[in-house]
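Novice: Protein sequence lines, in the order shown, are assigned to chains A and B. Under the working numbering, residues 1 to 168 are what the first sequence spells out, in order. Under the working numbering, residues 1001 to 1168 are what the second sequence spells out, in order. Sharing a structure here in structure tokens format.
Protein chains: 2
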Amino acid sequence: MSLTDSPARPNGGARPTTENAFRELIRTFGLVERVMHPHFARFGITPSQWGVLRNLHRAEQEGIPSLRLTELSERLLIRPPSVTGLVDRLERARLVTRDGSPTDLRAKQVGLTKAGRRLVERVLAVHEGHVNTVLTGLNPEEQRELHRLLVLWRKHLEGLLDGTADAV
Amino acid sequence: MSLTDSPARPNGGARPTTENAFRELIRTFGLVERVMHPHFARFGITPSQWGVLRNLHRAEQEGIPSLRLTELSERLLIRPPSVTGLVDRLERARLVTRDGSPTDLRAKQVGLTKAGRRLVERVLAVHEGHVNTVLTGLNPEEQRELHRLLVLWRKHLEGLLDGTADAV
DNA sequence: AGCTAGTTGTTAGGACGCTAACTAAATGAG
DNA sequence: CTCATTTAGTTAGCGTCCTAACAACTAGCT
């Protein structure tokens, strides 16, 4: 993906344009990805696959044994065709099952297998520690502030997307 | 890539784990991408392709008429094989040229075509305005603060990547 | 009941990123 | 000079995401 525009480029010491926060987000995201990828690779899965497993696991803990593809799509913020492929690979790895729903013959119910559940628990056992490592560059107050600003920005972006089909 | 883990999930008002800033970064990034993609699509290019064109244009303005593939790879923070594909498509679209270097027969010099240069200038004419729109959700001070925190975090992540081959 | 309209998921095809493995050329040590 | 090593770029193959188009099914209106 990479919306990357250019690297640090000293900028000759001139006008720090409003574009800086923007670029920094993109670069930081790339790094977070690079740091997290090997973390999950140790368990034989990708970050995206973890998203699916984690959501199924959470649902289970709320007493919901399986989720529909559309439901997963909404939770993961990706389109249904992407979920299809993701679930294909997880199914092939025997980590999830995909069964037709009895009440709605179009829908598919995706659920964890025993192996899938075990994997999630193994990952969770070290996950929080790892996320903390990733975030220790900021103290708790900075983390809260960063979170606050990102939420603020995100709300604004959501407004942009909802409002404009494609206004300049 | 979507490191997506799950959506807002009210969290029942309980322990706001340190993971929040983390998740918010991922979600905000996804939105930035969704907002920027159509912006570039209007010009028939993708955000990644813009990265190439913009860097070539910047180089030209510094008196450097072309960049090598490796140089592009470093500036864009992506691996050489990805640059190959990117340049392939830009070449097919007649926006850049790829010529062998006379001094080093292995190297390829990538440069803007006339059409590529025109396109960059057309994009630049509206680009800053668009970036500003994207960022108006935050006032200037908030933008600076967000930038500061992201840089802080990024430095930390870079340390993690340099230091550990794969420590837990 | 019957027909239209909307939903659910899939397939097809494209772009982007990665690693691993390879070719061709430059470099450098003996 | 020659041979081993390093560097530049490409190819092959995988995983992720997207849009467009489609099949199958549901639902709602008459």
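Note that CB positions come from ideal geometry on N, CA and C, so glycine has one too. It should be emphasised that the depicted structure is a prediction, and the values quoted were computed from it without experimental measurement.
In angstroms, rounded to a whole number, what distance separates the CA positions of glutamate 158 of chain A and threonine 1046 of chain B?
Specialist: Roughly 21 Å between the two C-alpha positions.
Novice: Near alanine 1115 of chain B, what residues of its chain come up, given a Cβ to Cβ distance below 7 Å and the 5 sequence neighbours on each side ignored?
Specialist: For alanine 1115 of chain B, where only same-chain residues beyond five positions count, the Cβ hits under 7 Å are Arg1094, Leu1095.
Novice: CB-CB under 6 Å to arginine 92 of chain A, same chain, minus the five flanking residues each way: which ones, in chain order?
Specialist: There are no such residues.
Novice: DSSP three-state call for aspartate 1088 of chain B: helix, strand or coil?
Specialist: Helix.
Novice: For a contact meaning CB atoms closer than 8 Å, what does lysine 1155 of chain B contact in chain A?
Specialist: Per Cβ cutoff of 8 Å: Gly137.
Novice: Determine, using beta carbons only, whether threonine 1029 of chain B comes closer than 7 Å to chain A.
Specialist: Position check: residue 1029 of chain B holds phenylalanine in this sequence, whereas threonine was assumed. Yes, contact with chain A.
Novice: Using the three-state DSSP reduction, which class does glycine 159 of chain A fall into: helix, strand or coil?
Specialist: Correct three-state label for glycine 159 of chain A: helix.
Novice: Going by DSSP, what residue range makes up the beta strand (DSSP E) through arginine 98 of chain A?
Specialist: First-last of the beta strand (DSSP E) with arginine 98 of chain A: 96-100.
Novice: Would you kindly work out how many angstroms separate the C-alpha atoms of arginine 106 of chain A and isoleucine 1026 of chain B, rounded to a whole number?
Specialist: Roughly 32 Å between the two C-alpha positions.
Novice: Checking contacts by CB at 7 Å: is glutamate 71 of chain A closer than that to chain B?
Specialist: Glutamate 71 of chain A does not count as touching chain B.
Novice: Within 7 Å of any Cβ in chain B, is that where the Cβ of leucine 150 of chain A sits?
Specialist: True, the Cβ-Cβ gap to chain B drops below 7 Å.
Novice: Spatial neighbours of arginine 1068 of chain B within its chain, please: CB distance less than 8 Å, with the 5 preceding and 5 following residues excluded, ordered by chain position.
Specialist: Taken in chain order, the residues that qualify are Ser1101, Ala1107, Lys1108, Gln1109, Val1110.
Novice: For glutamine 1109 of chain B, list the residues DSSP reports as bridge partners.
Specialist: B:Arg1068, B:Asp1099, per the DSSP bridge assignment.
Novice: Does the count of Cβ pairs from the region 1048-1058 of chain B and the region 36-54 of chain A closer than 8 Å reach three?
Specialist: No, the region 1048-1058 of chain B is not in contact with the region 36-54 of chain A.
Novice: Along chain A, which residues have their Cβ under 8 Å away from the Cβ of alanine 1021 of chain B?
Specialist: Residues of chain A passing the Cβ test: Leu135, Leu138, Gln143, Arg144, Leu146, His147, Leu150.
Novice: If leucine 1077 of chain B sits next to valine 1083 of chain B, beta carbons under 8 Å apart, how far is it from one beta carbon to the other, in whole angstroms?
Specialist: Contact doesn't hold; Cβ gap of about 11 Å is too wide.
Novice: Identify, in the order they occur along the chain, each residue of the same chain with its Cβ nearer than 7 Å to the Cβ of proline 65 of chain A, setting aside the five sequence neighbours on each side.
Specialist: So the qualifying residues of the chain are Gly111.
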